[in-house]
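Okay, structure first, notes after.
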Amino acid sequence: MYKMFEIAMKENFAIPSVNFVDREMIRAYAEVVNETKLPIIFSIAESHLIYIDLKEAFLLAEYYIKKYNLNAVIHLDHGQSTEIINEAMELGFDSIMIDGSGLPFEENVKITKRVVEFAHSKNIFVESEIGHVGSGELTGISCSADDDTVYTSKEEAIKFAKLTSTDSLAISIGTVHGSYKGKPKINFERLQEIRKELSIPLVLHGGSSSGDENLNKCAKNGINKINIYTDFIIAAQNANDSKMGYFDNKNAMKEAIKNKLRHYFKVFDTKEMK
Ligand code: 13P
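Take any residue in the sequence shown, count from 1 to its spot, add 348: that is its number in this note's numbering.
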């Protein structure tokens with residue numbers, strides 16, 4: 349993760365962080381990564397553990413990384429409970445997100461600092477969030493009970509990064525998880541202000557349906573990781589045809605997911621790492 353971000357920051361591009369909830373999704377991603385040789389982050393969200401076990405997801409990701417020798421890392425997305433975070437660390441996750449974004453600032457600092465200290469003793473990368481990316485429609489990612497978007501302030505971002513020693517920081521600049529109720533209004537000035545002040549990788553959550561131009565602009569202006577999930581689900585759903593047989597349907601959905609990832613690699617300007 350450290351090496352990936354070093355290159356992405358130097359060369360101004362973003363790496364897709366793609367969530368998966370079953371073998372079909374990870375297999376689709378893995379095939380595209382094998383074909384393109386581009387870097388990827390395979391993410392398992394704590395709120396998706398109702399669909400797949402943490403160990404099952406980890407073993408699947410590990411299987412495809414080894415099978416194709418992929419330039420990929422395994423990441424826990426929106427980690428909130430101590431048990432799940434500890435389990436992920438024990439399983440061998442490369443990277444953990446501690447999501448305290450629904451908590452008051454001081455509490456978010458406290459919990460993030462604790463996770464950073466422990467994770468760093470095991471050489472595990474930590475992402476955290478300040479401000480709060482809320483939820484739109486059709487989202488499988490739940491982050492906090494009160495799910496309204498709170499934009500990240502520059503001052504809070506600087507203070508939070510300094511106090512916690514987080515490796516990367518998810519900031520809230522106008523995207524939401526899932527589909528939008530209205531149109532996304534991305535605050536690029538805020539992004540540039542924060543980018544100027546911080547030297548760690550910045551993360552954008554809620555990439556789906558945010559608009560290709562917006563996402564490309566984010567990647568070019570300092571976002572190094574873009575989380576995408578809902579758009580893959582929608583692509584698969586749209587390819588689903590009840591008149592087709594089981595295997596043809598599975599294949600059509602896989603191809604739809606693959607095309608979406610090929611598309612986002614281009615939008616994010618993701619580059620091969622030699
Ligand atoms: P979307 O489902 O909106 O792409 O968000 C994914 C995400 O941010 C996962 O953390």
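Just so you know, even glycine gets a beta-carbon here, dropped at the ideal spot from N, CA and C. All figures in this text were calculated on a predicted structure; none of them were measured in a lab.
Go ahead and pull the three-state DSSP assignment for His-611.
helix
Quick check on DSSP: helix, strand or coil for Leu-418?
coil
According to DSSP, is Leu-539 helix, strand or coil?
helix
Please state the DSSP three-state secondary structure of Leu-386.
coil
Simplified DSSP state of His-553, which is helix, strand or coil
coil
Considering only residues of the same chain and omitting the five flanking positions on each side of Ile-374, which have a CB-CB separation below 7 angstroms?
Phe-368, Phe-390, Leu-408, Ala-409 and Tyr-412
Spatial neighbours of Ile-355 within its chain, please: C-beta separation below 6 angstroms, excluding the five flanking residues on both sides.
Met-621
For Phe-527, which option in Thr-618, Pro-364 and Ser-483 has the closest C-alpha, if you only look at C-alpha atoms?
Checking the displayed sequence, the identity of residue 527 turns out to be Ser instead of Phe. Out of Thr-618, Pro-364 and Ser-483, Ser-483 has the C-alpha closest to the C-alpha of Ser-527.
Same chain, Cβ closer than 6 angstroms to Ile-521, neighbours up to 5 away in sequence not counted
Ile-534, Asn-535, Arg-538 and Leu-539
Considering only the beta carbon of each residue, do Ser-476 and Thr-512 sit closer than 8 angstroms?
yes
Quick one: residues in its chain with C-beta nearer than 6 angstroms to the C-beta of Tyr-399, no 5 flanking neighbours on either side, listed in chain order?
Val-369
Following a CB-centred definition, is Gly-555 positioned closer than 7 angstroms to any heavy atom of the ligand 13P?
yes
For the alpha helix (DSSP H) holding Lys-502, just list the boundary residues, first then last.
502–512
Bridge-paired residues (DSSP) for Asp-425:
Ala-393
Given His-611 as reference, the closest of Phe-580, Ala-600 and Leu-397 once Cα atoms are compared:
Phe-580
Buried or exposed by the 16-neighbour rule on C-beta atoms within 10 Å, applied to His-468:
exposed
Please name the residue, chosen from Ile-446, Glu-359, Lys-351 and Phe-353, that lies closest to Lys-568 on a Cα-to-Cα basis.
Glu-359
Just to confirm before moving on: does the CB-CB distance between Asn-376 and Cys-566 stay below 8 angstroms?
According to the sequence as given, residue 376 is Ala; it is not Asn. Not in contact: Ala-376 and Cys-566 (Cβ atoms no closer than 8 angstroms).
Taking the alpha-carbon of His-426 as reference, which of Thr-460, Met-349 and Asn-572 has the nearest alpha-carbon?
Thr-460
Per DSSP, His-525 forms a beta bridge with which residues?
Ser-483
Taking Met-352 as part of the alpha helix (DSSP H), name the residues at either end of that continuous run.
350–359
For the 8 angstroms Cβ check, are there 3 or more pairs between the stretch 549–563 and the stretch 590–604?
no
Using only CA atoms, which one of Glu-454, Ile-571 and Ile-605 lies nearest to Phe-624?
The structure shown does not extend to residue 624, since the chain is modelled only from 349 to 622, so the question has no answer here.
Taking a contact to mean a Cβ-Cβ separation below 8 angstroms, would you say Ile-392 touches Met-437 in this structure?
no
The beta strand (DSSP E) with Glu-571 in it runs from where to where?
Note on identity: in this sequence residue 571 is Ile, with Glu being the wrong assignment. 571–576 is the span of the beta strand (DSSP E), which, as asked, contains Ile-571.
For Leu-517 and Leu-386, what's the separation of their Cα atoms in angstroms?
22 angstroms
Is Ile-363 close to the ligand 13P? I mean its beta-carbon at under 7 angstroms from any heavy atom of the ligand.
no
Kindly indicate the opening and closing residues of the alpha helix (DSSP H) around Ala-475.
As written in the sequence, residue 475 is Glu, which differs from the Ala given in the question. Careful: Glu-475 lies outside any alpha helix (DSSP H), inside the beta strand (DSSP E) at 473–478.
Looking only at its chain, what residues have a beta carbon closer than 8 angstroms to the beta carbon of Ala-505, apart from the 5 residues adjacent to it on each side?
Ile-478, Gly-479, Leu-517, Ile-519, Ile-542, Glu-545 and Leu-546
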